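When we follow my numbering, the leftmost residue of the sequence shown carries the number 85, and every step to the right adds one.
From the three backbone atoms N, C-alpha and C, an ideal C-beta is built for every residue, glycine too.
Note that this is a predicted model, so its numbers are computed, not measured.
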Amino acid sequence: MKYLIALAGNSLDSSPVLLLDINNVLYLFSMPDCCDRSFVDSNYSIKRVKHIFLSSTRVEDSGGLLGTIVSLMHPYPKDFEITGPKEIVNLFLNNAFLHSRLGDVPLKMSDKYSDENLSATMFHTGASYGFSIKCSGSPGKFLPEVAKKLGIKPGPEFKKLKEGETLYNDKGEAVTLNDCVSSPIPGENLLIVNIKTIEDIKFLKEKMLGSQTSVISNSNSRNNISRSLSNGGKIDMSMYDVIVHLTPIDIVNNEEYIQCFPTDKVNICFPMSGRITYPVSEKVYKKYENGMNGLIPSLSYEEDSQNYPKSFMPLYTGDSYMFSPLQKKGLNKSQIHKTFKGSYNSPLPQFETFALTVLGSGAAKPALHRNDPGYLVHTKGGFVALDVGEGFLGQLRRRFGRIGANYVLENLSLIFISHGHSDHCFGLHALLRARSLITNKKLPIICNSDLINELSFFETLYSNDSSFYANFYDITLPENETVKINEFVSITTIPVFHTSRSRGCVLEIRNAEGETKRLAYSGDRMATANDEFVEKVGKVDFLLHEGTFSNELNDEMDDYAHSTVDHAIKASEQMNASYTAIIHISSRYEGKHIPCRSSNAFIVFDYLTFTYENIHAICSAIKSID
């Protein structure tokens, strides 16, 4: 059987992740931000992916490259090949320092790929690439009734015939396997296109859709498609069974674009999907929402958009399209992902001093219940992002809707990245790219020098469109010195024990009346180590401290330089924190109760938003549910 699967669609929290499933072998097309998490929340194992096809280096196509490869390489590195733009190699190499496994991966790039299931050729379409794919056909089936009519007896003679032996019937006539099989079924032809700009529609028409007399070198054979592309030829659209449009939906709806493709073929597109891409974490949030009596608002949602060409077929999150065998051909709607009527944009919180939104409470890599670390501090002087794990942007949009998320992006005052581990910074590319489309205000980013170099390289991939509009500051300078961000926010960075250049920080946040509250963030930290975090920070009003492990796993804490929940609480007591949020929870505790003995400390969950003014009620409600 052969399927096309929308592991993720175009939604608040995802860009399309397209899988091609041929006889249970998976081929991945596009790796956007949080691609890895899309596998975690599905019935498809990322280990089954045999080959990856990428049509561009843009965030919406390859922003999840690094996180996905980290998962593919677990537990051991292996050779890996990607069919896509050659710039992918440089993108990969410039990021290899972010994770220990990436440095051992011998990544290879190609413009063609072939195996027993398909052959694929890449072709240029301006700002991106497309793929012409020829699926392998099915051999003819053995027809026992035909064999018997030709005088071959069932049993051992059938076996010999199937093994290729020539047999002779009672009349002395030779009978071969070819005499007793049905006609073979030819393989299907697929076209994957991803046009990035309106200008590239003309490029598409010129390069791909020339007059029929010049197409495929005067050959009528469907098998000549790849050979023609290899020789710089043009494509006859009539030879394709299915055309998949990864092209953004606003371009898909362009009349000039629509006219490029035959209406009698299956054209699949990805309109905006209202479905929640990660239903398990939404279910966890719903449990707390229902139990907290209105203390936290519902998540934002939309309904599936019907804005796509009438001759096209939509794939929303979780949908699939079976194109072989012919008798089962058709669209299969997701039974897992919730659909909505209408839309709802969750409001940004109203506060006197500050508010906090948890956009990722997990550790190491995205999991079912928790996304990678990411915390948004709401202040009167704008928003401060404390670490930006992969999926930060999608979580932000799911929390506050598109309008609210865009408001946050436009009013970001600071990004602080505690250290260079992948789970704390892989979401930066998508966040900065989205922000650059909204505002050109310069944004201060405090991070280590390796990450500054990596982001500067990534920025060059968009040099023709826009920059990230960022001012980078090395996290080691100035050390233990307070830096004023604006009249409402100041930051001090403090070394912590985790990696050689890991830092925590303390934010001094003023309200409109001039009163100041102190919020401390540990980043990743082993609380039992002899660092200066507790001493340098001193008393705080609110502490965000990692508690990766439960209290019995002290050995794990030492091995990975993290803290247990009890050690986080001890740090809180030493700092005389009014309240403490335990963060960075290991995925091994998914669905399990984690003891938290302090009455003023609580374990957070994804999408949680609260103000400093209602933190007591939030803490009590969470503990009563846990």
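| query | result |
| --- | --- |
| Beta strand (DSSP E) segment containing Y605, residue limits | T600 to Y605 |
| At least three beta-carbon pairs within less than 8 angstroms, the segment 495–510 to the segment 401–421 | no |
| Close Cβ partners of E386 (< 6 angstroms) along its chain, the five nearest in sequence each way excluded | G358 and S427 |
| Every unbroken beta strand (DSSP E) within the segment 112–180, with a cutoff of 3 residues, ordered by chain | 133–137 and 164–167 |
| Contact under 8 angstroms by Cβ, H646 with T632 | yes |
| Simplified DSSP state of I529, which is helix, strand or coil | strand |
| N- and C-terminal bounds of the alpha helix (DSSP H) containing Y341 | E339 to I342 |
| Uninterrupted beta strand (DSSP E) stretches inside the segment 348–418 (no shorter than 3 residues) | 350–353, 396–398, 404–408 and 414–416 |
| Y557: first and last residue of the uninterrupted beta strand (DSSP E) it sits in | A554 to D558 |
| Closest by C-alpha distance to I501, when choosing among D534, I380, L227 and F137 | D534 |
| F476 versus S266: straight-line alpha-carbon distance, rounded | 54 angstroms |
| Delimiting residues of the alpha helix (DSSP H) encompassing P240 | P240 to K246 |
| DSSP three-state assignment for L234, whether helix, strand or coil | coil |
| Limits of the alpha helix (DSSP H) - the one that G485 falls within | F476 to E494 |
| Burial state of E247 (16 or more Cβ within 10 Å) | exposed |
| Cβ contact (3+ pairs, closer than 8 angstroms) linking the segment 514–530 and the segment 486–504 | yes |
| Residue range of the beta strand (DSSP E) that includes D650 | Not the beta strand (DSSP E): D650 falls in the alpha helix (DSSP H), residues V649 to Q658. |
| A596, buried or exposed, once every other Cβ within 10 Å from all chains shown has been counted against 16 | exposed |
| The segment 682–697 touching the segment 479–495, judged by at least three CB pairs closer than 8 angstroms | yes |
| Beta-carbon proximity list for C219, same chain, < 8 angstroms, skipping 5 on both sides | K86, I106, N201, L202, G271, E272, N273, L274 and S408 |
| Straight-line gap, I699 to N455 (C-alpha atoms, nearest Å) | 22 angstroms |
| Coil, strand or helix - K280 by DSSP | coil |
| A204, enclosing alpha helix (DSSP H) - first and last residue | Per DSSP, A204 belongs to no alpha helix (DSSP H); it is in the beta strand (DSSP E), L202 to H208. |
| Residue from Y372, Y369 and S418 with nearest C-alpha to D388 | S418 |
| Residues sharing a beta bridge with L515, DSSP | Answer by DSSP bridge pairing: none, since L515 is not bridged. |
| Inter-residue CB distance, I669 and S445 (contact presumed, cutoff 8 angstroms) | 6 angstroms |
| Contact belief for H329 with C353 at Cβ below 8 angstroms, rounded distance in angstroms | 4 angstroms |
| Burial state of P223, where buried means 16 or more other Cβ atoms lie within 10 Å | exposed |
| Secondary structure of H505, DSSP reduced to three states | coil |
| Secondary structure of D263, DSSP reduced to three states | helix |
| Rounded straight-line distance, which links the Cα of I666 to that of S708 | 16 angstroms |
| Assigned secondary structure, C680 (DSSP; H/G/I helix, E/B strand, else coil) | coil |
| Residue burial classification, H513 (beta-carbon count within 10 angstroms, cutoff 16) | buried |
| V71: first and last residue of the uninterrupted beta strand (DSSP E) it sits in | No statement about residue 71 is possible, as the shown extent of the chain runs from 85 to 710 and does not include it. |
| DSSP beta-bridge partners of C703 | Beta-bridge pairing links C703 to no other residue. |
| Nearest neighbour of L103, chosen from K289, I136 and E630 [CA to CA] | I136 |
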